[in-house]
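Chemist:
Residue numbers (our numbering), protein chains in the order written: chain A, 3 to 266; chain B, 2 to 298.
1. For residue 152/B, name the three-state secondary structure that DSSP assigns.
2. Determine whether the beta carbon atoms of residue 84/A and residue 18/A lie at a separation below 8 Å.
3. How would you label residue 181/B, buried or exposed, when you count the other beta carbons within 10 angstroms and need 16 or more for buried?
4. Strictly below 9 Å CB to CB, what residues from chain A border residue 74/B?
5. What are the residues in the segment 103–123 of chain B lying within 9 Å of chain A by C-beta distance?
6. Have a look at 119/B, 255/B, 150/B and flag the residue whose alpha-carbon is nearest the alpha-carbon of residue 243/B.
7. Using a Cβ-Cβ cutoff of less than 7 Å, which residues in the same chain neighbour residue 116/A once the five nearest sequence positions on both sides are dropped?
8. Based on DSSP bridge pairs, tell me the residues matched to residue 200/B.
9. Measure from the C-beta of residue 83/B to each C-beta in chain A and report whether the shortest distance is under 8 Å.
10. For residue 127/B, collect the residues of the same chain with a Cβ closer than 8 Å to its Cβ; drop the 5 residues on either side in sequence, then sort them by chain order.
11. Give the residues from the segment 19–45 of chain A that approach chain B closer than 7 Å (Cβ to any Cβ), ordered along the chain.
12. Which residues, taken in chain order from the segment 150–166 of chain B, show a beta carbon closer than 8 Å to some beta carbon of chain A?
13. Measure the alpha-carbon distance for residue 15/B versus residue 37/B and round it to whole angstroms.
14. Within its chain, find whatever has a CB closer than 7 Å to the CB of residue 150/A; leave out the 5 residues flanking it on each side and keep chain order.
15. How about the segment 66–86 of chain A and the segment 52–66 of chain B: do they share at least three Cβ pairs that are nearer than 8 Å?
16. Say whether chain A places a C-beta atom closer than 8 Å to the C-beta of residue 88/B.
17. What does the alpha-carbon distance come out to for the pair residue 152/A and residue 119/A?
18. According to the neighbour-count rule (16 or more other Cβ atoms, all chains shown, within 10 Å of its Cβ), is residue 142/A buried or exposed?
19. Report yes if the C-beta distance between residue 111/B and residue 148/B is below 8 Å; otherwise report no.
20. Touching or not, the segment 176–196 of chain A and the segment 68–84 of chain A, by the rule of three or more beta carbon pairs under 8 Å?
21. Roughly how many angstroms lie between the CA atoms of residue 79/A and residue 156/A, to the nearest whole one?
22. Are residue 20/B and residue 9/B closer than 8 Å when you measure CB to CB?
23. When you compare the CB of residue 147/B with every CB in chain A, is at least one pair closer than 8 Å?
24. Mind pulling the chain B residues with CB within less than 7 Å of residue 15/A?
25. Specify the secondary structure class of residue 164/B as computed by DSSP and reduced to three states.
26. With a threshold of 8 Å between beta carbons, is residue 70/B in contact with chain A?
27. Is residue 102/A close to chain B? Criterion is C-beta to C-beta, closer than 8 Å.
28. Touching or not, the segment 143–160 of chain B and the segment 189–203 of chain B, by the rule of three or more beta carbon pairs under 8 Å?
29. Is residue 220/A buried or exposed, if buried means 16 or more other CB atoms sit within 10 Å of its CB?
30. Where residue 258/A and residue 107/B are concerned, what is the direct C-alpha to C-alpha distance, given to the nearest angstrom?
31. Between which two residues does the alpha helix (DSSP H) carrying residue 103/B extend?
32. Counting beta carbon pairs with one atom in the segment 105–116 of chain A and one in the segment 33–50 of chain A, are three or more of them shorter than 8 Å?
33. If you drop the 5 nearest sequence neighbours on each side, which residues of the same chain put their C-beta closer than 7 Å to that of residue 231/A?
34. Residues in its own chain within less than 6 Å of residue 56/B by CB, not counting five upstream and five downstream?
35. Please report how far the alpha carbon of residue 187/B lies from the alpha carbon of residue 153/B, in whole angstroms.
36. Go ahead and pull the three-state DSSP assignment for residue 32/A.
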């Protein structure tokens, strides 16, 4: 068996295991279905009437309904959760010994890492695509191009999950960590409220507290969601080029970092 | 088959292994030692899961630190704790293993069938692993370890925590594999398991205390013992004051020269003797003699 073929075989084995496991976890699948539904129905539909009234006296109008605005964020949420969750399986593997089956085998470490990364990202993409099924009902266009930023986000969060899983020893600390990290990251990404793009940073700081503006602007996820929003409803709050660069730059950094952690 | 030279391993301040020089021939080799003796560390080093600190291990002609992947391909491993994926089925666990160990694609199905027959789990092929009992999981792991036809099966306390039936079945499979020419390296603290090995090494506190076949060890390390069954309790009392130990209805003595002792004893007390025998100590007694009787944490 040639080495290249063997490499791909190992990668496939690890990837397939990751994917099969996620399909068998009914809790995860339930979450994958219910999470976006709740967001769209409750937040999206419920807040839509308040959205067009403008923000204080600036009366800035977003030319979309609230559901259309947060749709990209809901897709992102359904990518983040499974991506991080599947990376957790690494902690499981360590705790329950399966990682010895992998690491005592001749499988190349790079193939193992890529299998894990792509496995987690595939699970995330699968759950993200579920949200897209809702798109026609809320009038959000879905060009094929949307898959690219989705893939970037899925890879980035799987990598982040792997970093956490390598660093954390137990399962409990992971739960706490992922909640104190994922939710703030999500809410501080201009995901559920817009930042008026026509204003300068100084003007934004007049409307919002300066710390909030600061946190939103340093959060890489802000730009990732911005790209996703741009490809769906064609509305971007930041310079499209910068958003693309932040999305792919952050993804690359996280993947390289995760590989570095993984080799230890 | 395996050569260990000048092996040493530390965890921080604690020394886990020291001055290990050992040659393990093909066949059935048992590494015997109490808990915490360093057995698992030794196995970890052998199967490349723990990086080598000092010394050399050559396995099947490959140094473990230079050619880890060749070494890994030669080994079949069964660890103390289960290493199965509970959410996958029996078949899927085996299939995963086959892919990672370069089993040719057209042979995979046949070999899986073969090992399932060997460990009597054919009917469980599509069951998720979490539905299996402990003994069945262990059987599956033994089958899996053999799936890629390794030259050496390394078994780290494979029967710990299993009931008698499962243990017996597992030994049947292992003996079957031995007959197919697979070498076994077993770590255990169960003496009756080591008793069946061709070679035994006794490990304690990170050192090899003795090595040889079970018969050799008994002969070399155990002084012959004299067991006497006496009619007269007074005489028994007398012997016990002089170092005799009561074992059941017999008194055990370890005289420096058993022949002379017996000749002398019979000459004086032949009418008091109901029965007598001379024997070598069991492997268990040698083990206790070497490693001490104190309980370790």
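Every residue gets a Cβ at the ideal spot worked out from N, C-alpha and C, and that includes glycine. Keep in mind that this is a model prediction, so the values were computed, not measured.
Modeler: Well, looking at it:
1. Three-state result, residue 152/B: coil.
2. Their beta carbons are not under 8 Å apart, which means residue 84/A does not touch residue 18/A by this criterion.
3. It is exposed - the Cβ of residue 181/B has fewer than 16 other Cβ atoms within 10 Å.
4. 107, 108, listed in chain order.
5. Listed by position along the chain: 103, 105, 106.
6. Comparing Cα positions, the closest option is 255/B.
7. In the same chain as residue 116/A, and ignoring 5 residues on each side of it, the C-beta atoms closer than 7 Å to its own belong to 13, in chain order.
8. BP columns for residue 200/B point to 30/B.
9. At a cut-off of 8 Å between beta-carbon atoms, residue 83/B makes contact with chain A.
10. The answer, listed in chain order, is 90, 91, 92.
11. Of all residues in the segment 19–45 of chain A, only 19, 22, 23, 26 place a beta-carbon less than 7 Å from a beta-carbon of chain B.
12. Result list empty, no residue passes.
13. Cα-Cα distance, rounded: 12 Å.
14. If the five residues before and after residue 150/A are omitted, its C-beta is found closer than 7 Å to no C-beta atom of its own chain.
15. Under the Cβ criterion (8 Å, minimum of three pairs), the segment 66–86 of chain A does not count as touching the segment 52–66 of chain B.
16. Yes - at least one Cβ of chain A is within 8 Å of the one on residue 88/B.
17. Near 15 Å, if we compare the C-alpha coordinates of residue 119/A and residue 152/A.
18. Burial state of residue 142/A is buried, judged by a 10 Å Cβ sphere holding 16 or more other Cβ atoms.
19. The Cβ atoms of residue 111/B and residue 148/B lie no closer than 8 Å to each other.
20. Three or more beta-carbon pairs separated by less than 8 Å link the segment 176–196 of chain A to the segment 68–84 of chain A, which places the two stretches in contact.
21. A direct Cα-Cα distance of roughly 10 Å separates residue 79/A from residue 156/A.
22. Between residue 20/B and residue 9/B, the C-beta gap is smaller than 8 Å, which places the two residues in contact.
23. Not an interface residue.
24. Correct list: 97, 100, 101.
25. When DSSP states are grouped into helix, strand and coil, residue 164/B belongs to the coil group.
26. Contacts with chain A at 8 Å (Cβ-Cβ) include residue 70/B.
27. For residue 102/A, the answer is yes, since a Cβ of chain B falls inside 8 Å of its Cβ.
28. In this structure the segment 143–160 of chain B touches the segment 189–203 of chain B; the number of beta carbon pairs closer than 8 Å is three or more.
29. It is exposed - the Cβ of residue 220/A has fewer than 16 other Cβ atoms within 10 Å.
30. For residue 258/A and residue 107/B, the distance between alpha carbons rounds to 36 Å.
31. Unbroken run through residue 103/B: none, as it is neither H nor E.
32. Cβ pair count under 8 Å is below three, so no.
33. Here residue 231/A has 74, 237, 238 as same chain residues with Cβ atoms under 7 Å from its own Cβ, once five neighbours each way along the sequence are excluded.
34. For residue 56/B, the CB contacts under 6 Å within the same chain, skipping 5 residues up- and downstream, are 6, 7, 8, 9 in chain order.
35. Spanning the alpha carbons of residue 187/B and residue 153/B requires a straight line of approximately 10 Å.
36. In the structure shown, residue 32/A sits in a helix (DSSP, three-state: H, G or I).
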